[in-house]
Amino acid sequence: MTPRFHYYDGSPVRIGDRIYTGNVSNGKAVEGVVELIISPGSEDADAYSCPEGGILICEQWGDNQSLLLMTPPDGIEWEDLVLIERSPQPGN
């Protein structure tokens, strides 16, 4: 079962969502795309050393990309992540 991670506004995080990550480069908010939602205790959780699960985000830093792994704080939401555009869901 995939965990339900949420943005600060309460909406669920989905693979493919375009987001602001809370990072800033040259005075501009850094955008990213949710690449993977990691379930606690899964093989991915072991591979990424995050036993509690998390979200893998591909950030765009100008012409470069980097991966950012966010793991749950006290709750499973992050005030720095802001949804820009919802990932299209199959059948929509």
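Each step along the sequence shown adds one to the number in our numbering, with nothing skipped, and position 17 is -1. Ideal Cβ placement from N, Cα and C applies to all residues, glycine included. Since this is a predicted model, take the numbers as computed values, not measurements.
Item: 8 Å Cβ shell around E13 - same chain, five flanking residues per side excluded; Value: R0, I1, Y2, T3, E41, Q42 and I66
Item: Same chain only: Cβ atoms within 8 Å of E34, ignoring 5 sequence neighbours per side; Value: P22, A27, T53 and P54
Item: For S69 and R(-4), the rounded distance between their alpha carbons; Value: 7 Å
Item: Where G36 falls, given that 16 or more other Cβ within 10 Å makes a residue buried; Value: buried
Item: With 16 other Cβ atoms within 10 Å as the buried cut-off, status of L49; Value: exposed
Item: Opposing strand residues paired with Y(-11) [DSSP bridges]; Value: W60
Item: Contacts around D62, its chain only, beta-carbon distance under 6 Å, and the 5 residues preceding and following it disregarded; Value: G4
Item: Euclidean distance between Cα positions of E17 and L51; Value: 10 Å
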